[in-house]
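Numbering (this note's numbering), first residue to last: 93 to 205.
Idealized CB from N, CA, C, for every residue including glycine.
One structure is given below, encoded as structure tokens.
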Amino acid sequence: MVSHHLLLCATPTKAKCCDPNVGAQSWEALKQGVRELNLESPERPQGIVLRTKADCLRICEQGPVLLVWPDGIWYGGVTPERVRHILEEHVIQGQPCEDWVIRRSPFSTPASD
93 MVSHHLLLCA TPTKAKCCDP NVGAQSWEAL KQGVRELNLE SPERPQGIVL
143 RTKADCLRIC EQGPVLLVWP DGIWYGGVTP ERVRHILEEH VIQGQPCEDW
193 VIRRSPFSTP ASD
């Protein structure tokens, strides 16, 4: 089971929403944080946390941008320092880091048969 999928727009090649060096550092911090907090563990009762590095999430402002699925929370200015806070407060405790939210677009749940 997957509890969250984290998509980080961290290496822009066309848009210039963030410094590519900051994006790369944020990506490394995300990988390390997910690993250190055991969020990839199949034994995690809430489900595993997946992570994906994206070239562009079509926001093109305040990058690096992190989308937290299925919550539909978009974070801007996701520096390496902010990554750990987002993992601990939002992903683990379920409390979005409101100061860094730039957009909300909740995903609908599939209809049951």
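- Leaving aside the five residues that flank R176 on each side, the residues in its chain whose CB is nearer than 6 Å to its CB run, in chain order, G125.
- Excluding the 5 residues flanking it on each side, F199 has same chain C-beta neighbours closer than 7 Å at W161, P162, G164, in chain order.
- With fewer than 16 other beta carbons inside 10 angstroms of its own, P134 counts as exposed.
- For K123, the uninterrupted alpha helix (DSSP H) segment begins and ends at 112 to 128.
- Taking C-beta atoms as the reference points, P137 and A102 fail to come closer than 7 Å.
- Residue pairing of H97 in beta bridges, as defined by DSSP: L142, W161.
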